[in-house]
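Sequential numbering of the sequence shown, starting at 45, is according to the working numbering.
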Amino acid sequence: MLSIDEGTLLELRVENGKILLEPFDLWGRVWKCCQGSAEEAEKELDREEEKFWTKRE
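The following block contains the structure:
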């Protein structure tokens, strides 16, 4: 069971006909404390977004 607090970002996906919601960990996935640069993180997010929209076409 998932406890959702106000302001929590969620990742939504469908697997085997079920809707799954999981917390989106910005710290680990985006900021990655002390690893890489802000530009590298932004490029990674852009690639993920492009991949997401390509799947929807």
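Here a beta-carbon is modelled for each residue, glycine too, at the ideal position from N, C-alpha and C.
Since the model is a prediction, treat every value here as computed from it, not as a measurement.
Helix, strand or coil: which one does DSSP assign to residue i?
i          : result
residue 65 : strand
residue 89 : helix
residue 53 : coil
residue 59 : strand
Between the alpha carbons of residue i and residue j, how many angstroms are there, rounded?
i          : j           : result
residue 82 : residue 100 : 27 Å
residue 64 : residue 54  : 10 Å
residue 98 : residue 88  : 15 Å
residue 57 : residue 84  : 25 Å
residue 61 : residue 95  : 21 Å
Smallest Cα separation from residue i: which of the options?
i          : options           : result
residue 70 : 62, 86 and 64     : 86
residue 67 : 61, 59, 50 and 60 : 50
Please determine whether the Cβ atom of residue i lies at a distance below 7 Å from any heavy atom of the ligand ADP.
i          : result
residue 98 : In the structure on display, the ligand ADP does not appear, and there are no ligands present to speak of.
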